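So the protein sequences, as listed, match chains V and D. My numbering runs 357 ahead of the 1-based position in the first sequence. My numbering runs 1 ahead of the 1-based position in the second sequence. Cβ coordinates follow ideal geometry from the N, Cα and C atoms, glycine included. Source: prediction; values computed, not measured.
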Amino acid sequence: MKDRDELLSRRRSLLCNEDANLPREDTKHVVIAQKRHAVLAAFQTSLMLDPSQKRVSYPRSELAHIQTPHRRFVMDLSLRGFDAISLPLPLPLISSEWGVSRLLLGIKDSGVMILLKLLLLERSILVVGLRTEEVTSCATALLELLNPYKWASAFMPLLPREMLDFVSSPVPFIAGTIVENSKRVQDIVRDTSVREAMSNGLSIVNLVTGKLIVTREKGTSEMLRRSFIPM
Amino acid sequence: MFHFFLFQSQRSCTILLKFTDVHGSLSHGVAITIFEELTGSHAQKICRFLDLHRHRRRARVVISRWLNAKLSDFRRAISTRTLSTRLASSSKRTSTASLEKRSNSMNVSIREAMERMISKTGMSSREMSSSHSGSTDFEIDETTFEITEPAPVYSSPISKDARRLGREAYQAMIDVEDDGDICIVEKSYVITGTSLQDQSLIFCGLQNLINMERLVRNTYSICRSLVPSLHIIPHFVLAR
């Protein structure tokens, strides 16, 4: 409560920023920096769910989920330009919900199953896409697929194009990379280091065309094929 | 001003982050990268600096072209003289001046230019040697004889469409240059140490923070455009 009062008083002081002694060009930056610090401080104190909100879960019945009013998390800082945050509870999960659904829509369920098997075999995966949010969320979703196991090796949600030679790493990894357009995907696939890595266990998830290019490593394809045979 | 607001509404990149430490444990974070136009005195300084560099580069290009032209003229003159010396010794003399003129205009090697000239004029080698007699007043050893490399001859002429497009592109470049330069800044807002379940919440907050800062910047720019001497932001503009 005391923190909240302090925050409110600080906010009021920020809103009445009329310090005429500030230098001309720096005024804008100072005001922005002060407001930014105030907002970040508010994030630390207010932008979190309380225990009762954390306990909210989806009802078992879909009908009940539609009919009953949804609880929402609301935070309003009363700052101009800062819209009130209002999200339904339980909070939407970006990686495990949006990312997994994007993977399923992209490479279909059979592709996701193969990916999961490759991850369990600790083989490297390179996710290629056009947008950063798409690539990073899908790369993060791969970790979610492994639950309850944990990925114990390297994870790079966004690998810069200049560092593509990292694919030659002998350590298994999950990485994502961005391409400018769909034609550039072929440049990555035809890259010498990528082709070499593909013969050593690297698989590529192409989110642009929705294709999964499985590694050409000896033994892995055989293991994947055997895993489809029912016991 | 329109351009400014147009640019402000351009896209931003959203990134989900996870960091792996040496122990293999993951920590989460979110990041939003935005691209904005830099305004104010800093932008003016940078633009002035870029303009100065552009002028210097143009000056360098002009000087280097002039120097290259002079050097190529000099080399051509030397090679023409050496060639004419050899021709004189083998009683196949021709006019150095006309040969040089031909080679310059047709942009081919001196030998080819001379062969063409001979075939076009229809002069016999004897006639040519008689017309050229006494024009060489220097002696150069034949071992120093050199022939310039044949220049590339573009057999396919440039089409009218290509010329038109090139003209339009060049005109567009000149028009854009009149508008001046802008500085684009790439800013990344990163929050680390978040939990996986609260990522959507943090994303919303971060996006709102970016929107708020944009609003402050836009408001300040508008106020400065209306009142150039303004150096504070009126509180009624920022208050809700």
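In DSSP terms, what residue i is bridged to
i, result
"Thr-195/D", "His-29/D"
"Thr-534/V", "Val-485/V"
"Asn-69/D", "None; Asn-69/D has no bridge partner."
"Leu-569/V", "Val-562/V"
"Glu-37/D", "Val-186/D"
"Ala-390/V", "According to DSSP, Ala-390/V bridges with nothing at all."
"Ala-511/V", "Phe-530/V"
"Gly-429/V", "Looking at the sequence itself, residue 429/V is Arg, so the reference to Gly does not match. DSSP output for Arg-429/V lists Pro-445/V as bridge partner(s)."
"Leu-436/V", "Phe-439/V"
C-beta neighbour in chain D for residue i, strict 8 Å
i, result
"Met-405/V", "yes"
"Ile-442/V", "yes"
"Gly-438/V", "yes"
"Phe-615/V", "Any answer about residue 615/V is impossible in this case: the structure gives chain V only from 358 up to 588."
"Arg-541/V", "no"
"Cys-565/V", "Checking the displayed sequence, the identity of residue 565/V turns out to be Val instead of Cys. False, the Cβ-Cβ gap to chain D never drops below 8 Å."
"Val-396/V", "yes"
"Pro-416/V", "no"
Chain V within 8 Å of residue i, Cβ atoms only
i, result
"Asn-69/D", "no"
"Glu-147/D", "Per-residue confidence for Glu-147/D stands at a pLDDT of 44, beneath the threshold of 50, marking its modelled position as unreliable; the derived number appears in the next sentence. It does not; no Cβ of chain V falls within 8 Å."
"Leu-227/D", "no"
"Met-2/D", "Caution applies to Met-2/D, whose pLDDT of 30 falls short of 50 and renders its modelled position unreliable; the value that the coordinates give is listed next. Not an interface residue."
"Ile-223/D", "no"
Own chain residues within Cβ distance below 6 Å of residue i, not counting five before or after
i, result
"Ser-134/D", "The predicted model places Ser-134/D with a pLDDT of 43, which falls under 50 and marks its position as unreliable; any figure quoted below should be read in that light. If we look at Ser-134/D and ignore the five residues flanking it on each side, it has no Cβ neighbours."
"Ser-443/V", "Arg-429 and Val-431"
"Ala-441/V", "Asp-433"
"Ile-570/V", "Ile-561"
"Arg-468/V", "Here residue 468/V turns out to be Gly, not Arg, going by the sequence shown. So the list reads Leu-569, once near-sequence residues are dropped."
"Cys-48/D", "Asp-182"
"Ser-67/D", "Position check: residue 67/D holds Trp in this sequence, whereas Ser was assumed. Contacts found: none."
"Leu-500/V", "Trp-508"
"Val-63/D", "none"
"Leu-502/V", "Leu-473"
"Leu-475/V", "Ser-560"
Per-residue contacts from residue i into chain V (C-beta, under 9 Å)
i, result
"Gln-45/D", "Correct list: empty, because the minimum Cβ distance to chain V is about 10 Å."
"Gln-198/D", "Leu-406, Lys-411, Pro-447, Leu-448 and Leu-450"
"Gly-194/D", "By Cβ distance, chain V contributes nothing, its closest Cβ being about 10 Å from Gly-194/D, past 9 Å."
"Leu-27/D", "Leu-500, Lys-507, Trp-508 and Phe-512"
Beta-carbon proximity list for residue i, same chain, < 7 Å, skipping 5 on both sides
i, result
"Thr-497/V", "Ser-452, Gly-456 and Pro-514"
"Gln-208/D", "Ile-33"
"Thr-572/V", "Arg-480, Met-555, Gly-558, Leu-559 and Ser-560"
"Leu-478/V", "Thr-577 and Met-580"
"Glu-511/V", "The displayed chain sequence assigns Ala, not Glu, to residue 511/V. Only Val-528 and Phe-530 meet the Cβ criterion."
"Ser-494/V", "Ile-451, Ser-452, Trp-455, Gly-456 and Arg-459"
"Leu-516/V", "Phe-523, Ala-532, Gly-533 and Thr-534"
"Asp-407/V", "none"
"Ser-603/V", "Examination of residue 603/V is not possible in this model, given that chain V is present from 358 through 588 alone."
Neighbour list for residue i in chain D, Cβ cutoff strictly below 8 Å
i, result
"Ile-389/V", "Glu-214, Val-217 and Arg-218"
"Arg-429/V", "Within chain D, no residue comes near Arg-429/V; the closest Cβ sits about 12 Å away, beyond 8 Å."
"Arg-393/V", "Leu-210 and Glu-214"
7 Å Cβ cut-off: residues of chain V touching residue i
i, result
"Cys-205/D", "Ile-442 and Leu-444"
Interface residues of chain V facing residue i [CB-CB closer than 8 Å]
i, result
"Ser-244/D", "Coverage of chain D is limited to positions 2 through 241, which leaves residue 244/D absent and any answer about it impossible."
Same chain only: Cβ atoms within 8 Å of residue i, ignoring 5 sequence neighbours per side
i, result
"Ile-203/D", "Val-31, Ile-192 and Thr-195"
"Val-396/V", "Leu-434, Leu-436 and Phe-439"
Residue i CB to nearest heavy atom of the ligand ZN below 7 Å
i, result
"Ala-163/D", "You won't find the ligand ZN in this model; it holds no ligand whatsoever."
**Message:** Taking 8 Å as the cut-off, does the stretch 465-484 of chain V touch the stretch 558-571 of chain V (at least 3 CB pairs, one atom from each stretch)?
**Reply:** Segments in contact, yes.
**Message:** Does the contact criterion of 3 or more C-beta pairs under 8 Å hold for the stretch 191-211 of chain D versus the stretch 32-49 of chain D?
**Reply:** Inter-segment contact for the stretch 191-211 of chain D and the stretch 32-49 of chain D is present: three or more beta-carbon pairs are separated by less than 8 Å.
**Item:** Cβ contact (3+ pairs, closer than 8 Å) linking the stretch 395-407 of chain V and the stretch 172-182 of chain D
**Value:** The answer is no - the stretch 172-182 of chain D does not touch the stretch 395-407 of chain V, with fewer than three Cβ pairs under 8 Å.
**Prompt:** Between the stretch 509-526 of chain V and the stretch 534-552 of chain V, are three or more C-beta pairs nearer than 8 Å?
**Reply:** Contact between the stretch 509-526 of chain V and the stretch 534-552 of chain V is present, because at least three Cβ pairs lie under 8 Å.
**Request:** For the stretch 526-540 of chain V and the stretch 485-494 of chain V, state whether three or more C-beta atom pairs, one from each stretch, are separated by less than 8 Å.
**Result:** Segments in contact, yes.
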